[in-house]
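Colleague: Pasting a structure below so you can have a look.
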Amino acid sequence: MGATRRFFETNLTSERITALGGDKGWPYRRLDDALERWIAAQPDAPAVTDRHGTMTWGEFGEQVDAAAKGLLELGARPGVVIQLQLPNWSQFVVTVAAVERIGAVVNPVAPIFRS
Numbered sequence: 090m091g092a093t094r095r096f097f098e099t100n101l102t103s104e105r106i107t108a109l110g111g112d113k114g115w116p117y118r119r120l121d122d123a124l125e126r127w128i129a130a131q132p133d134a135p136a137v138t139d140r141h142g143t144m145t146w147g148e149f150g151e152q153v154d155a156a157a158k159g160l161l162e163l164g165a166r167p168g169v170v171i172q173l174q175l176p177n178w179s180q181f182v183v184t185v186a187a188v189e190r191i192g193a194v195v196n197p198v199a200p201i202f203r204s
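If you read the sequence shown in our numbering, its first letter stands for residue 90, the second for the next number, and so on.
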């Protein structure tokens with residue numbers, strides 16, 4: 090049997106990432122790094138508003154920490170795909186940030202696809 094063929098192919102090789110990194114295209118930063126800066130800089134400022142109210146950056150950081158800890162306790166690890174089916178409320182944003190924090194991968198599924 091020939092070489093194993095991957096289901097998804099990409100041209101985003103490690104060489105291309107290195108070539109486009111830093112000042113050339115992509116900064117070597119993660120969403121979590123930016124969130125931590127915003128949380129530290131303005132903990133009392135509004136971060137997320139939905140139909141249930143407004144969450145400050147400080148509250149957001151606390152909820153992300155708690156969600157990340159819970160995901161790790163459930164066995165999530167870096168590189169693991171975590172599927173989310175949440176409405177576009179603050180819980181979705183918190184969960185996405187928590188998944189990013191632990192280095193896992195988010196696979197969002199719209200709530201209209203209930204089955």
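We put the CB at the ideal spot given by N, CA and C, even for glycine.
Remember, predicted model here, so these are calculated numbers, not experimental data.
Using CA coordinates, which residue listed in S179, A155 and E125 is at the minimum distance from R140?
Modeller: If we check each option's Cα against that of R140, S179 comes out closest.
Colleague: Below 7 angstroms, is the gap between the Cβ of T184 and the nearest heavy atom of the ligand ADP?
Modeller: By its list of ligands, the structure shown contains no ligand whatsoever, and the ligand ADP lies outside what it can speak to.
Colleague: Under a three-way DSSP split, which group does I106 fall into?
Modeller: DSSP places I106 in helix when its eight states are reduced to three.
Colleague: Taking all protein chains shown into account, decide if Q131 is buried (16 or more other Cβ within 10 angstroms of its Cβ) or exposed.
Modeller: Q131 is exposed by the Cβ-count criterion.
Colleague: Excluding sequence positions up to five away, which residues of its chain have a Cβ less than 6 angstroms from the Cβ of P197?
Modeller: These residues qualify, in order along the chain: L173.
Colleague: Could you tell me the boundaries of the alpha helix (DSSP H) in which L124 lies?
Modeller: L120 to A130 is the extent of the alpha helix (DSSP H) around L124.
Colleague: Could you check whether the Cβ of E151 sits closer than 8 angstroms to any Cβ belonging to chain C?
Modeller: In summary, chain C is missing from the structure at hand, where a single protein chain is found.
Colleague: Taking A136 as part of the beta strand (DSSP E), name the residues at either end of that continuous run.
Modeller: Note, A136: beta strand (DSSP E), P135 to D139.
Colleague: Please report the distance separating the alpha-carbon of R105 from that of D121.
Modeller: Cα-Cα distance, rounded: 23 angstroms.
Colleague: Would you call A193 buried or exposed, if buried means 16 or more other Cβ atoms sit within 10 Å of its Cβ?
Modeller: With 16 or more other Cβ atoms within 10 Å, it is buried.
Colleague: I191 by DSSP, collapsed to three states: which one?
Modeller: In the structure shown, I191 sits in a helix (DSSP, three-state: H, G or I).
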